[in-house]
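Inspection log for the structure reproduced underneath, given as structure tokens.
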Amino acid sequence: MKKRLMRDGIWMMGAVDWNRRLFDSLIPLPEGTSYNAYLVKGSEKVALIDTADPELEYVLMEQLEDVERIDYIISLHTEQDHSGAIPTVLAKYPNARVVCSTKAKELLIDHIHLDESVIDAMPDGSTLSLGDRNFTFIHTPWVHWPETMCAYLHEERILFSCDFFGSHLATSDMYAGENPLIYEGAKRYFAEIMMPFRSIVKSNIKKVEGYAIDIIAPSHGPAYDKPEFIMNAYRDWTSDRVSNFVAIPYISMHGSTEIMVNRLLDALVERGVKVQKYELTVTDVGKLAIDLVDAATIVIGTPTVHFGPHPAVFSATHLANALRPKVKYAAIIGSYGWGTKAVEQISGLIPNLKVEVLGTVMCKGLPREEDLKALDELADAIAAKHAPLMKVE
Ligand code: FEO
Numbered sequence: 000m001k002k003r004l005m006r007d008g009i010w011m012m013g014a015v016d017w018n019r020r021l022f023d024s025l026i027p028l029p030e031g032t033s034y035n036a037y038l039v040k041g042s043e044k045v046a047l048i049d050t051a052d053p054e055l056e057y058v059l060m061e062q063l064e065d066v067e068r069i070d071y072i073i074s075l076h077t078e079q080d081h082s083g084a085i086p087t088v089l090a091k092y093p094n095a096r097v098v099c100s101t102k103a104k105e106l107l108i109d110h111i112h113l114d115e116s117v118i119d120a121m122p123d124g125s126t127l128s129l130g131d132r133n134f135t136f137i138h139t140p141w142v143h144w145p146e147t148m149c150a151y152l153h154e155e156r157i158l159f160s161c162d163f164f165g166s167h168l169a170t171s172d173m174y175a176g177e178n179p180l181i182y183e184g185a186k187r188y189f190a191e192i193m194m195p196f197r198s199i200v201k202s203n204i205k206k207v208e209g210y211a212i213d214i215i216a217p218s219h220g221p222a223y224d225k226p227e228f229i230m231n232a233y234r235d236w237t238s239d240r241v242s243n244f245v246a247i248p249y250i251s252m253h254g255s256t257e258i259m260v261n262r263l264l265d266a267l268v269e270r271g272v273k274v275q276k277y278e279l280t281v282t283d284v285g286k287l288a289i290d291l292v293d294a295a296t297i298v299i300g301t302p303t304v305h306f307g308p309h310p311a312v313f314s315a316t317h318l319a320n321a322l323r324p325k326v327k328y329a330a331i332i333g334s335y336g337w338g339t340k341a342v343e344q345i346s347g348l349i350p351n352l353k354v355e356v357l358g359t360v361m362c363k364g365l366p367r368e369e370d371l372k373a374l375d376e377l378a379d380a381i382a383a384k385h386a387p388l389m390k391v392e
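Here numbering that gives the first Met the number 0 is used: the first residue of the sequence shown is 0, the next is one more, and so on.
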């Protein structure tokens, strides 16, 4: 796509990655993504904010063909999907300065081997003038690396936020409006990389909301022309609110765990609890991560493989622990052939989850009536904990 005019002298640049289906070799991208850059011309200087993933840097370089000068390349975040094309842009504009946060300087040297002499490290709250346009740099650490910052353009009231408020969505729309598809893409993005830093993300929201913002321009997905749409979503996702929802990631090898999951699912529905099961060999783990953003309870279902949980359950549990969702309750259910240590091993995998364990139900072989009754009792325990949440909803 060609560069798109946002305001007089301000363009959305960069590449839409329509075909990408996996991010960080981890999270599926059903709707693709984008690597946005922004070109801002002032009366005296010209700045490029972020670049693009190296795989698609040719798109950015084509957009820059008729741009004669760039004085500043503002790098808001060092991860290579934004900084990766800086060396190529610098080769075209050898007099440009690379402007970044103080913590980013060392990272830019390490990750893309920039020469220290081209970098200007900017403290929190420092400013940069393009003449008639002026930036303030707002350090927003841990959204989601330690060096991340936003750039606020005063005259246009635009907050350039890089990953912060971004969404995984390939679209030709420059603005998000209040599109539910963008809400989903932003929640997927939040779940994957922001959720582990929920507390500090919350304080960074407070930091940027002190500025009058007309547009939030992230470096993934469309820009927000209604900033409250995404800021309210972030306020909710980072709050302590959980919903009347149970997520059940599971595997079943010979059907026993499936029977147990289905029994629990039915029992929960009968008790007014919302629930979703995720068979992990066919699950989009990004969808599971999205649902964990506000689920009150996680129930992990596993068969036993060599005394431990199934490796796919091990992996999903490890991921859930790393993402640090705000779930309040947990349970483990499953089956085994002759012996099991699955409960102990799964419990050891989730030290980051500050949960109350509501029960474990492990059955030997095919579930018997007493196993199914134990699942009904587990559903009773979950429903009792969810009762206040049901009233709210
Ligand atoms: Fe979009 Fe953390 O890079």
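Note that CB positions come from ideal geometry on N, CA and C, so glycine has one too.
Backbone CA spacing between residue i and residue j [nearest angstrom]
i, j, result
"Ile349", "His317", "7 Å"
"Tyr335", "Ile289", "30 Å"
"Glu56", "Pro310", "37 Å"
"Val15", "His385", "42 Å"
"Pro93", "Ala321", "41 Å"
"Cys99", "Glu61", "24 Å"
"Thr32", "Arg187", "11 Å"
"Arg240", "Cys149", "27 Å"
"Asn243", "Ala319", "19 Å"
"Phe22", "Leu168", "12 Å"
"Arg68", "Ser82", "19 Å"
"Ile137", "Lys273", "40 Å"
"His110", "Ser346", "36 Å"
"Val117", "Asn18", "34 Å"
"Tyr394", "Gly285", "Residue 394 lies beyond the stretch modelled for the chain, which goes from 0 to 392, so this question has no answer here."
"Met121", "Lys353", "37 Å"
"Pro248", "Pro29", "19 Å"
"Asp49", "Arg323", "29 Å"
"Met0", "Tyr34", "12 Å"
Sequence-distant residues of the same chain with beta carbon closer than 6 Å to residue i, five excluded per side
i, result
"Trp141", "Phe196 and Ile199"
"Thr87", "Glu56"
"Trp236", "Phe189 and Val292"
"Val39", "Ile9 and Ala46"
"Pro217", "Ser160, Phe164 and Gly165"
"Asp213", "Arg156"
Same chain, Cβ closer than 7 Å to residue i, five either side skipped, listed in chain order
i, result
"Met193", "Val142, His143 and Val200"
"Thr339", "Thr303, Phe306 and Met361"
"Ile181", "Ser166, Leu168, Ala175, Gly220 and Pro221"
Sequence-distant residues of its chain with Cβ nearer than 8 Å to residue i (five each side left out)
i, result
"Ile250", "Thr256, Glu278, Leu279, Thr280, Gly300, Thr301, Pro302, His309, Ala311 and Val312"
"Leu357", "Thr296, Tyr328, Ala329, Ala330, Leu377, Ala380, Ile381 and Lys384"
"Trp337", "Lys363"
"Gln275", "Phe244, Val245, Ala246, Ile247 and Asp290"
"Asp65", "none"
"Leu107", "Ser74, Thr77, Ser82, Ile85, Val97, Cys99, Leu113 and Ile118"
**Q.** Environment of the ligand FEO in chain order, Cβ to heavy atom below 5 Å
**A.** Working through the chain, the matches are Glu78, Asp80 and Asp162.
**Q.** Any alpha helix (DSSP H) of 4 or more consecutive residues that is wholly inside the stretch 170-257
**A.** Taken in chain order, the complete alpha helix (DSSP H) segments of 4 residues or longer contained in the stretch 170-257 are 179-188, 197-207 and 226-236.
Q: Scan the stretch 39-101 and note each continuous alpha helix (DSSP H) run of 4 residues or more that stays entirely inside, going in chain order.
A: The stretch 39-101 is shown to contain whole alpha helix (DSSP H) runs of 4 or more residues at 56-62, 79-82 and 85-91, in chain order.
Q: Could you pull out every unbroken beta strand (DSSP E) segment of at least 3 residues lying fully inside the stretch 284-334, listed in chain order?
A: The stretch 284-334 contains, as complete beta strand (DSSP E) runs of 3+ residues, the segments 294-301 (chain order).
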